[in-house]
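Okay, structure first, notes after.
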Amino acid sequence: MNDALFSQLSTLGSSVILLYGFTLLWRKSLHAYTVAFQWQSIALTFLFLIIGYFGHDVELYYVAGFLFVLKVLILPRYLGKLEQRFPGERESRPYVNVATSLVVAGLLVLLAYAITRPLVLVSDLPTRGGLPLAVGLIFVGLFVIITRKKALTQIVGFLVMENGIALLAALGTYGIPLIIELGVFLDVLMGFLVMQVFVYHIHDTFESIDVDQLNELRH
Amino acid sequence: MTWLLVVMIAGYGIGAVGALTLGRSLFVRAAATSGAIIGAGAAFILGSANLLSGQTLTIQISDILPITGFALRLDGLGAFFLVVIGLLGVPVALYSFGYSAAYEGRYSLRLIGAMLNGLLLTLSLQVMADNALTFLLLWETMSLSAYWLVVTEHDQPGTLQAGGWYIAMTHIGFAALVAMFLLLSGGDAMSTSFAAMRANALTLAPLARDAVFLLALFGFGSKAGVVPLHVWLPMAHPVAPSHVSALMSGVVIKMGIYGLLRVTLDLLGGGPAWWGALVLAVGTVTALLGVLYALMEHDLKRLLAFHSVENIGIILIGIGAGLIFRSYGLMALATLGFIGGLYHTINHASFKGLLFLGAGSVLHATGTRNMEEMGGLIKRMPWTALFFLIGAAAISALPPLNGFVSEWLVFQALLGGFNIPVPEVAVAFPLAVGMLALTSGLAAACFVKAFGISFLAIPRSHEAEHAHEAPLSMRIGMAILALACIALGLAPFSVVPLLGGVLAGLGGLPDTRSVFTLDLMVQAPAGFAQVSPTWIGLGLLILLALIPLVMRLMHVNRKRRVSDTWGCGRIGQTPRMEYTATSFAEPLRRVFAELYRPTKELSIDFHPESKYFVKSIKYSSRITPLFDRVLYDPLLRLIQRISRQVRRIQTGSLHLYLMYVAVILILLLIAARWF
Amino acid sequence: MIVTGYVLEIAQVALALLLAPGLAGFVRWLKARFQNRRGAPPWQPYFELRKLFGKEVVMSNNASWLFRVAPYIIFASTVTVTLLVPMIVAPLALDGMGDLLMVVYLLLLGTFFLALAGLDPGTAFGGMGASREMTVAAIAEPTIALAIFSLALSAGSTNLGRIVTQELANPAVTVSPGHLLALAALFIVTLAETGRLPVDNPATHLELTMIHEAMILEYSGRYLALIEWASWLKLTIFFTLLANLFVPWGIATTFDPAALTLAVLALIVKLAVLGGIVAVVETRVAKLRLFRVPELLGASFVLALLAVTSSFLLK
Amino acid sequence: MIFFLLLLPPLVASLLALLVRPHREFVGWVSALLSLISLGAAITIAAQTIAGDVPIWGLTINSLGLEGVLRADSLSALVLVCITAVAALTLFLSSGVGRTTHYDAKQLRRYQIFINLFIAAMLLAVSANNVGVMWIAIEATTIFSAFLIPLTIRKTSIEASWKYLLLSSVGIGLAFAGTVLAYFDFVARSGRVENALNWTTLMATAPLLHPEVIRLAFVFLLIGFGTKAGIAPMHTWKPDAYGESPAPLGALMSSALFAVAIYAIARWKAVTDAVLGSSYSNNLLLTLGMLSLIIAAFSVVRAKNYKRMLAYSSVEHTGLICLGLALGPLGAFAALLHLVNHTAAKSLMFFLVGNIERAYRSPLIERVHGLLKVLPQTGGLFAAGLLALIGLPPFGLFISEFALFRAGFALNQPVLMGITLVLMSIVFISFIVHLNKMLYGAPPEGVITGKADRLWNVAPLYISIGVLVVLGLTLPAPLATLLKQSVEIIAK
């Protein structure tokens, strides 16, 4: 009974997280991206708490805490700053339009289901139902990075991908060892900071944060 | 004999190090020359000692060269080529002392000296290599040192391009050789020793054996300059310093022959008849095309380079015939074919070396390689002219010089073709005979042109008029080779049995040392035919002495008066009225127009008043070589086209780059999941 | 016995040297007769030789030492050939010194130096002659080689003495198709190599059509004598080859004086017949344009190839 | 203890550079000297592993999943020596960098801070026992090096850094996903064990893991670390990053960082092979290796920029090493030897390219003529290095490539090896053609001719050439042992 509830809750949580990922695909303003990411991170935090509760793992509470601080508080704040700094920049014409994006994302999730079939079969954890969704989220994050032109949206895509991996870890293994998790958080933070610096550089040198301008280096 | 090997290596080493470290350019040249002479001399003695004693020298050093160790083994075949290297190495080294003096201040004498010694060293060790890695290491080092020598005059037009072609073709061949050796080394053993290969060749699948043979033919053929892999040769030989051209033409390309024999005959132990037929066909085509393109050349060194192609063809004809005979068990005839090939190898080394040195002296004296700007040099540089004439006569296979002997041997081998039981194969022999005869006839025509236009008649340019004889060291270098041409021509009765000894045991060939000797004669097996260049030479000499004597006895009028040349009533003979190299070759150009497909451009500038008065006529004609047209140009275009397509991958779009990652991820995931 | 052999060699050389001018004169005379001219007597060439040997040499001021040496080399190489070709006896004592290939290449040695000598004075005519001579010589080469192949095939050797004795021993060979085809091929080559019509006109006075004559324009005196003699000798050699390799009868196989006398007579008759044939041919055909000569020689090559292949099939 | 000597020097140097403000030249010298300590430590570690020891350091805290944080077996030792050697070379050559370049004090300070951090991260990645720590360290290398590429802010350097940063981050993200998957499998099999992510544990449990999961995990890992290694088609950042980064960084990235990525792949391949047998990972590596070779070969044919040309050469060698790893023990031996050789050759080339670019002020091949006249020593070394890179004797790459082909033919892969030979010939010819253009000819106007190279800029590079020649002629016994032991680790 307990496992069934756990299983349902975790799948529900994963679905919500994936849905926030989909939000990125049809919203265009940078602000919406930030908000979607923030909410996704909140959902992820909750999922960690749920897994920690049902899986009797105290470590996951710590992880949830770190995750909340980093991905709900710090990163969205920086993202907000960035979008205020570049008010004119909206994700105008992505390489793939919204309708197609959604279809492709749907297909990617289906693919994730097909590919992760062995994972679901192998595992006996109650959370295993969410595994395809986690891999799907990784794909969706990748898809956002590929198709969106603004440096900022690419960063968000990258963070969403990171969330997908975190989700995978949480669902599949109840979280990787804490020390590693902390290291990963540190890396994510630093990586984000570097990227943020570069967004400024790009804006300064190219007078826009459109990445498709970066095409001087070829062949 | 090991001490000789040590002396050889030390000689070259001292030469190279001395050239690199000494200060004054005179010392640099002296060091390079003396080192090379010591090394090449030791190589010559080592090779000869081995040939005469028949002892095999084996050295294995496992500390040098990881994986397989450094292995040397000097057997008869290697010793023969070592003799060739030494024979040419000494005069070339001597010649380089005088020749490279002109380079002072323009090009790096150090590099030339060191690389010359390096080249000779790798060549000398090459023929002793006894495992694949040693062989390949030396092979590639040899190519590389030759490359630096070729691009010595890097500021001259065409030099770098020529060097590029050379290294490219030789490397493609090298790649084939890597594949060949490793295919032959077989599966399990770490060893790549030749002994292991010999054992492995017996159990190799026929298809793999065929592949090994084809790769060997390709790989060694690219070094030897077999058509259509010869393209680098007429480019690289002319631009290299002349003593290097001599060395390249004389021995470097012969390494292709060495390798081919080593692999097909020794390691593989011979093969089916079609191997030989292929070599024979390739050889015939190579010989004929080589000489045909040589005829159209007016750059003296390019002409010689094309003749190298031709002579490689002749050598291959002999080897091909030998391989065919061997496959039918006609061992005596097979030996004859191989002897012909080997004999021609050493002959070509001597006369082509001589000719290149001669051409170098001309270049040294006139500053041009263009025959149309030479003429009359026989009066200004009589020694060079004499030596060049000897070389020209030798390469034209005129008795009693050495070229005749080896071509005779090859002819005799081919004439034995009727012994082959399979008519389809046998019929190839008369064709080869015809083509070989045509080749040698055309070669004679070509050298009449080369010598006649360059050395005879009236100088065609200011430079030719003020040409000077080559310095002593260069003349001695040429003299040695001229003597070699004569000696090898007059003494086949002692050379041929030695070659029989070289071949004994290779690929199951019998020891024929006793069969081929008959006093001062050379005899084809089974008493098929015999000839004695020695007696003929002696006869000619006696007659040359006797005729004037008899004429004197008969009181023939011995007065001589020098007068103007008869000009059909015209007064004043100028160089512009002379027959040019182009016009000399014109009849043959017409005969073989289908092959050459010359493009002509004729523009006549008429006098404005009347079209019967011509102000100027400009005529130019160009021949694009066949294989440039049908093979290399399309191939290069193809590579360029693929390259253009591949370079599109790097478009500059980050999104696309990320896309590649995603696509390959998904593809591999699908593959991992379902395949 | 051995001594006799060497004496005979020398005798043969002497005979060849003696007969050569006569043969050339005979062909000239016969040709004149066929053309309804009186012509010079057949022994005219002997007078020419005497005249030339008696005259001083006038040399071009552009010529070098090669110009002076060449006549001797040409003459010597041609004379050497007569040591190898069985004219009256087979096999000769020096048969093993050289075979047919040696003969061909010795003759090529002469041609080589003749062409060089043509280039030496630097006249356009000399160059032209040299160029054409070498072209013809080169293109004729494969035919000769294949004819040799064909002969070697039936005789089992390329040594001339062996070929002749084999044929005498086995006469059926001489009328085989291969043999006849080879004969035809070699006949065409003979015309080309010895500078006869339709390849070259030995009697031409028009420089632009000359081949042989163009090369020796600058020669005079004893040099010219040597060259002319050598060229007549070459004609004799080729005729002898045609005669004795394809119709060997009459040649002596022993040193019996009677047989030798008969052999000399047979040789003279054979040479006369061949001279007659050549005279007829030269009267009947016109000179070919230079650029049609390769076609003629190509045809002879095909004949020779057919000769070899038919020998293969019949073997 | 030995690990402190290994890891601390770069960190100390970095700290020093951070504290000394404004930048002073002595910082460079100190960090150069400190790098020698690291090098010594790496060599000591190598000696220990050769002797049969496996140095381990670290407190074991079970609750945190720690059991020997740092561990160096032969494979690690080999890569550590490579990294520290290149690092020492780099730091020595860049210690006086202020005098020969136009960088200002601020940039130099940033350079010193981050290059040392970069080195430290690489050393950590290789000496970490835990795959998670290794991953963190490799991710950190991306971040630190991203600071260094745009040492001077130009459009192109920003562009290159952004592409590098994003591609690497995505790639390394995927590698993390792969790590998680492997861990997931471990958990699914044996429950949650805290030290499951240690190499030793992974290898020990590997035979029990689920093949179908590891298949997926290895794809993620290969793509992920392959991005760092520059395996095609994830190589696209290489030409940009190598082309735009300052010479010392280019040298470090193309040799040391590359070695680290290959190290990670080799490690994970060993785990995968223990689960699946080797044919699965071999096929993947062969596929991607061939793809790398093809793309690299045809890209250099028309190369215009010599730095980018070198980057494509890196892609080529990546392909070769992938092939080697997939060709059994002898292949792995060849691949590792090739890695060592490539490290020596490629680092050398990037320093030389730095000199050339400084003299000609252009990275374009068509602008560089008469190199032998303008910079005789650099030109000579450049020629030698390039010839080494295309596999000519007497340089080490000749031997390792031969070993590679030997392995391929011994495993009955003649067609594959044949194609490889053809592709390498294309590279060879293209390089020679480009080299010809650069070495000879008349130097363009405005380039100072005859001014000798600064001794300091080239002298240490003779060591690199020396190493290459030695490795081309012989294989020193310690290195042979190290390689043999390493091969036993990654290819059983």
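So the sequences go chain by chain: A, B, C and D. So the first sequence is numbered by our numbering: it starts at 1 and just counts up by one. So the second sequence is numbered by our numbering: it starts at 1 and just counts up by one. So the third sequence is numbered by our numbering: it starts at 1 and just counts up by one. So the fourth sequence is numbered by our numbering: it starts at 1 and just counts up by one. Quick reminder that beta carbons are idealized off the backbone N, C-alpha and C, glycines included.
For residue i, the three-state DSSP class (helix, strand or coil)
i, result
"Leu-392 (chain D)", "coil"
"Ile-144 (chain C)", "helix"
"Glu-139 (chain D)", "helix"
"Gly-65 (chain D)", "Caution applies to Gly-65 (chain D), whose pLDDT of 49 falls short of 50 and renders its modelled position unreliable; the value that the coordinates give is listed next. In this structure, Gly-65 (chain D) counts as coil in the three-state DSSP scheme."
"Thr-318 (chain D)", "helix"
Rounded straight-line distance, which links the Cα of residue j to that of residue i
i, j, result
"Leu-11 (chain D)", "Met-1 (chain D)", "15 Å"
"Arg-576 (chain B)", "Leu-224 (chain C)", "27 Å"
"Asn-283 (chain D)", "Leu-439 (chain D)", "41 Å"
"Val-175 (chain C)", "Ala-307 (chain C)", "12 Å"
"Glu-601 (chain B)", "Lys-618 (chain B)", "8 Å"
"Lys-492 (chain D)", "Ala-79 (chain B)", "44 Å"
"Arg-406 (chain D)", "Leu-638 (chain B)", "30 Å"
"Ala-155 (chain C)", "Leu-30 (chain C)", "35 Å"
"Val-7 (chain B)", "Gly-41 (chain B)", "9 Å"
"Leu-83 (chain C)", "Leu-357 (chain B)", "36 Å"
"Arg-358 (chain D)", "Ser-440 (chain B)", "58 Å"
"Phe-306 (chain B)", "Arg-361 (chain D)", "44 Å"
"Ala-32 (chain A)", "Asp-53 (chain D)", "56 Å"
The ligand NAD heavy atom lying under 7 Å from the CB of residue i
i, result
"Leu-165 (chain D)", "With respect to the ligand NAD, the structure shown offers nothing to examine, as it has no ligands at all."
Interface partners of residue i on chain D, CB under 8 Å
i, result
"Ser-643 (chain B)", "Phe-298, Ser-299, Val-301 and Arg-302"
"Asp-63 (chain B)", "Thr-474"
Unbroken beta strand (DSSP E) run spanning residue i, endpoints
i, result
"Ile-429 (chain D)", "Run containing Ile-429 (chain D): none in the beta strand (DSSP E); it sits in the alpha helix (DSSP H), 414-439."
"Glu-601 (chain B)", "599-606"
"Thr-449 (chain D)", "Here Thr-449 (chain D) belongs to no beta strand (DSSP E), and DSSP marks it neither H nor E."
"Gln-573 (chain B)", "No beta strand (DSSP E) holds Gln-573 (chain B); DSSP gives it neither H nor E."
Residue span of the alpha helix (DSSP H) that contains residue i, given as start and end
i, result
"Met-190 (chain A)", "178-206"
"Val-494 (chain D)", "Absent from the model: residue 494 (chain D). The displayed extent of chain D is 1 to 492, so no value can be given."
"Tyr-579 (chain B)", "Neither: Tyr-579 (chain B) is in no alpha helix (DSSP H) and is coded neither H nor E."
"Leu-74 (chain B)", "Unbroken run through Leu-74 (chain B) is the beta strand (DSSP E), 70-74; no alpha helix (DSSP H)."
Whether residue i touches residue j by CB criterion (8 Å)
i, j, result
"Pro-394 (chain D)", "Leu-473 (chain D)", "yes"
"Val-315 (chain D)", "Ala-334 (chain D)", "no"
"Thr-68 (chain B)", "Thr-192 (chain B)", "yes"
"His-212 (chain C)", "Glu-141 (chain C)", "no"
"Leu-93 (chain D)", "Asn-457 (chain D)", "yes"
"Pro-421 (chain B)", "Phe-149 (chain C)", "no"
"Thr-253 (chain C)", "Leu-168 (chain C)", "yes"
Contact list for residue i against chain B, beta-carbon separation under 7 Å
i, result
"Ala-403 (chain D)", "Ile-67"
Chain D residues whose Cβ lies nearer than 7 Å to that of residue i
i, result
"Thr-170 (chain B)", "Correct list: empty, because the minimum Cβ distance to chain D is about 10 Å."
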